[in-house]
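First to last, the sequence lines map onto chains A and B.
Going by the working numbering, the first residue of the first sequence is number 1, and it counts up by one from there.
Going by the working numbering, the first residue of the second sequence is number 1001, and it counts up by one from there.
Note that the Cβ used here is the ideal one computed from N, Cα and C, for glycine as well.
One structure is given here, and the rest of the page talks about it.
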Amino acid sequence: MTIAQSLGLNILQLVFVVLLAPVFSGIVARWRENVQFKRGPSIWQPYRDLRKLLSKEDRYSESATWVARFAPYAVCLSPMLVTLLIPVLTSFPLFGAFAGDMLAAGFILAIGSFFLTVAAVDTGIPYGAMGASRTRMVGFLAEPVLIVILFAVSFVANSTIPYIVQQQWVQPPAHFFSPAHVLVLVAFLMLIIAETGRLPVDNPSGHFELAMVDESKVLDFSGPSYALVKWGSSMKSVVLYVIFVNVLLAPWGLAGTPNALALGEAIAVVFVKILVLLALLIAVEASLAKLRLFRIAEYLGAAFVVAVTAMIAAVLAP
Amino acid sequence: MSNYHAFEPEINALICGFFVLSAFGMVVIRQIGACLTVFIVQSLLLAASAFVLGAEPLSWHLIAVGCVTLLSKPILIPYVLRRLVPREIYTVREISQALDVPTSLLVALGLALIGFALGTRLVGAAPLLAKQNVIVGFASLLIGALVLAVRREAVPQMLGILAMENAAFLAGIAIAPDFPLIAELAIAFDVPLLAFIVSILTRAVYRRVGSTAVGELAALREHPQ
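Below you can see the structure in the form of structure tokens.
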């Protein structure tokens, strides 16, 4: 495979994530209403929202500095960079595969959320600052969970490069089926729920500013910058889904050779796998109530304990 | 069946993973009803492990263990508990605990570490089909003991005992696949009886005192109202 081919496939992955991210948010929004026997918005609604917002004027509060103007780009770019590092469609390493491992992916995603947090304080509205501090609380509790999950993964796969981890779990199936793997999966799922701001950590469809965790940070964004923030956060969710589905949960069905047929098949398979994950997340969301703010520490503490047990199991009972 | 045989340890390993997870679930969950659900899931996992281990090489003892477990723990015990324990107890959201949840989680983590380390030593180089069962069972046994010690409410404490029993069985079916059936039957009748007696006691205590928080029953009451 030539470098041009490899780079081209990497860009195809990027296009897959960038173009399909809004439709996944649309599907989540629709299914969330469907489980309550409501009809729900069209799954194409996020695209319409983006078009509308992109054609409007950008307005910033008087106190806003360059941070608020730059943050939407950081939010949008960080998941796009991560997309280059992870196996979205192919099981063989692409151009950017060895530029960074899963830890780097976590840090790059953290850059985006850092800028969004700072920008929320920068705009000067009180709800923004409140949401920012709450997100940081969730964030700093989620960080050790991620690190320990990576330790557990690296004990199993001897690497934290996503492509190699994925290969490790496909090749001898014995690696895939182990107590450590189950525990890593559950810990990572809990982490995804916390990071993408879903129930029981945060209510994404809540309209009450005092109870918001994630949403209140973007209250003061408007026009194209709001569009970028929305698009970026849906891309961040898709990137997390892809890591979970393709690297940890079901590392099968990716294209093994760089031909068009295999890639088309991989696109379909990955799409279906993410839909299955979304159905699981909706089921979790429909069956749980939102936790009180200070119970979030308990929730993430449980995730941490599960992750550490995964690490213990990986080391002691392989 | 050779194809199945190749996958047997893997399926069993998955079951063991979920088993240790359910042991942690009993530590972290506050509502009594949800604790009971976790216990049902754990018993189902135990039965599944018995069936998987008993299928190849075929062992009727293990399959019988699975059937008895399936009948008594996920069906009979929850039925007894639901019927006899007053319904108000299941609606309590915050049950009283000797340690708060984060602390008990950390203790559970330490116990899991000890359990895994000791379990690995115990198994050693023994030619066992399912080493995972012994290791995970040992860790879950210690976590069950923690549930028993930390919870100060009658029903969750009993669920702790039953969780310990589940964990011991998980280890047992791997060590002794030809366990005499009479012992298994004895335990199968013993455990629902335990549930029955504890439920009746709980009911009586709840009627008299209005609470089943065991911690509050330590002090003697001079003048009952």
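Option in the options with minimal Cα separation from residue i
i: C76/A; options: L281/A, K236/A and A266/A; result: K236/A
i: F1196/B; options: L1076/B, L1021/B and A1176/B; result: L1076/B
i: G264/A; options: V88/A, R30/A and M1/A; result: V88/A
i: A1168/B; options: E1153/B, A1149/B, S1140/B and D1190/B; result: S1140/B
i: F37/A; options: M311/A, L293/A and A286/A; result: A286/A
i: E1088/B; options: A1098/B, A1188/B, E1165/B and Q1031/B; result: Q1031/B
i: V229/A; options: L54/A, T83/A and F24/A; result: L54/A
i: L19/A; options: N34/A, L81/A, L7/A and Y47/A; result: Y47/A
i: A1163/B; options: G1137/B, I1175/B, A1174/B and L1185/B; result: G1137/B
i: L1014/B; options: L1081/B, N1133/B and G1124/B; result: N1133/B
i: A1108/B; options: L1142/B, G1124/B and K1131/B; result: L1142/B
i: S225/A; options: R69/A, I43/A, V23/A and L316/A; result: R69/A
i: R1082/B; options: T1202/B, R1208/B and A1213/B; result: T1202/B
i: L281/A; options: P22/A, I27/A, G8/A and V15/A; result: I27/A
i: A302/A; options: P1102/B, T1212/B and R1208/B; result: P1102/B
i: A1064/B; options: L1046/B, F1116/B and V1080/B; result: L1046/B
i: Q45/A; options: S25/A, N34/A and E33/A; result: S25/A
i: F92/A; options: G253/A, I43/A, A110/A and L293/A; result: G253/A
i: S78/A; options: L50/A, G8/A, L240/A and V201/A; result: L240/A
i: F244/A; options: E33/A, K290/A, N259/A and I193/A; result: I193/A
i: C1226/B; options: L1181/B, R1208/B and I1200/B; result: Given a span of 1001 to 1225 for chain B in the structure shown, any question on residue 1226/B remains unanswerable.
i: E195/A; options: A99/A, T160/A, A289/A and E215/A; result: E215/A
i: F221/A; options: W31/A, L116/A and L94/A; result: L116/A
i: L84/A; options: T257/A, V242/A and Y299/A; result: V242/A
i: D1178/B; options: A1050/B, N1012/B and N1166/B; result: A1050/B
i: V1150/B; options: P1192/B, L1105/B, L1122/B and L1193/B; result: L1105/B
i: W31/A; options: I43/A, P22/A and A21/A; result: I43/A
i: D101/A; options: L199/A, F151/A, G128/A and T257/A; result: F151/A
i: G1144/B; options: Q1157/B, A1188/B, I1011/B and T1120/B; result: Q1157/B
i: H181/A; options: L94/A, S154/A and G197/A; result: S154/A
DSSP beta-bridge partners of residue i
i: E1153/B; result: A1213/B
i: Q1097/B; result: R1151/B
i: A255/A; result: T90/A
Chain-ordered chain E contacts of residue i [CB-CB under 9 Å]
i: L316/A; result: The chain inventory of the structure shown lacks chain E, comprising the protein chains A and B.
For the segment 55-99 of chain A, list the alpha helix (DSSP H) runs that are entirely contained and at least 4 residues long, ordered along the chain. 66-83
Inset, instruction - Could you run through the segment 1023-1054 of chain B and flag, in chain order, every residue whose CB is less than 8 Å away from some CB of chain A? - result: F1024 and V1028
Worksheet entry | Interface positions of the segment 288-301 of chain A facing chain B (Cβ-Cβ less than 8 Å), listed along the chain | A297, E298 and G301
* **Segment contact, 8 Å Cβ cut-off, at least three pairs: the segment 299-311 of chain A with the segment 180-187 of chain A** => yes
- Task: Run through the segment 159-229 of chain A for me and flag every whole alpha helix (DSSP H) of 4 or more residues, listed as ranges in chain order.
- Result: Listed in chain order, the complete alpha helix (DSSP H) runs (minimum 4 residues) inside the segment 159-229 of chain A are 162-170, 173-176 and 179-195.
*Examine the Cβ distances between the segment 1061-1080 of chain B and the segment 253-270 of chain A and report whether three or more of them are shorter than 8 Å.*
Put simply, the segment 1061-1080 of chain B does not touch the segment 253-270 of chain A. Fewer than three CB pairs are less than 8 Å apart.
Near-chain A residues of the segment 1095-1118 of chain B (beta-carbon distance less than 8 Å), N- to C-terminal order
Answer set for the segment 1095-1118 of chain B: V1101, P1102, L1105, L1106, A1108, L1109, A1112, L1113, F1116 and A1117.
query = Touching or not, the segment 150-169 of chain A and the segment 270-283 of chain A, by the rule of three or more beta carbon pairs under 8 Å?
reply = No: fewer than three Cβ pairs fall under 8 Å.
**Request:** For the segment 90-105 of chain A and the segment 200-207 of chain A, state whether three or more C-beta atom pairs, one from each stretch, are separated by less than 8 Å.
**Result:** The answer is no - the segment 200-207 of chain A does not touch the segment 90-105 of chain A, with fewer than three Cβ pairs under 8 Å.
Please identify, using Cβ separations under 9 Å, the residues of the segment 191-213 of chain A that lie next to chain B, in order along the chain. none
Practice task
For the segment 1158-1175 of chain B, enumerate the residues whose C-beta is nearer than 8 Å to any C-beta of chain A, in chain order.
Solution key: So the list is empty, because no residue satisfies the distance condition.
**OP:** Please determine if the segment 1024-1040 of chain B and the segment 1055-1063 of chain B are in contact, where contact requires at least 3 C-beta pairs separated by less than 8 Å.
**Re:** no
- Below 9 Å between beta carbons is the criterion; list the residues of the segment 1119-1149 of chain B that meet it against any residue of chain A, in chain order. Against chain A - using a Cβ distance shorter than 9 Å - the residues of the segment 1119-1149 of chain B are G1119, T1120, V1123, K1131, Q1132, I1135, V1136 and A1139.
**Prompt:** Using 8 Å as the threshold, is the segment 123-132 of chain A in touch with the segment 55-69 of chain A, meaning 3 or more CB pairs across them?
**Reply:** Contact holds: three or more Cβ-Cβ distances are below 8 Å.
_alpha helix (DSSP H) runs contained entirely in the segment 1031-1077 of chain B, provided each spans 4 or more residues_ = 1032-1055 and 1060-1071
Positions along the segment 132-152 of chain A whose CB lies within less than 9 Å of some CB in chain B | For the segment 132-152 of chain A, which is checked against every Cβ of chain B, not one residue is closer than 9 Å.
_Output needed in chain order: residues of the segment 1012-1023 of chain B with a Cβ under 7 Å from some Cβ in chain A._
A1013, L1014, C1016, G1017, F1018, V1020 and L1021
Notebook entry, point to check: Pairing CB atoms from the segment 88-98 of chain A with CB atoms from the segment 7-17 of chain A, are three or more of them under 8 Å?
Noted result: A contact is defined here as three or more CB-CB pairs under 8 Å, and the segment 88-98 of chain A meets this definition with respect to the segment 7-17 of chain A.
task: Count the CB pairs spanning the segment 132-140 of chain A and the segment 239-253 of chain A that are closer than 8 Å, and state whether there are at least three.
output: no
| query | Which of the residues in the segment 101-117 of chain A, read from start to end, lie with their CB under 9 Å from any CB of chain B? | reply | none
Handout entry: Selection of the segment 266-282 of chain A by Cβ proximity to chain B, strictly under 8 Å
Key = Only those residues of the segment 266-282 of chain A whose C-beta falls short of 8 Å from the nearest C-beta of chain B would be listed, and there are none.
Handout entry: Ranges of the alpha helix (DSSP H) found wholly within the segment 249-298 of chain A, counting only runs of at least 4
Key = Under the rule that a run must span 4 or more residues, the alpha helix (DSSP H) segments found entirely inside the segment 249-298 of chain A read 260-287.
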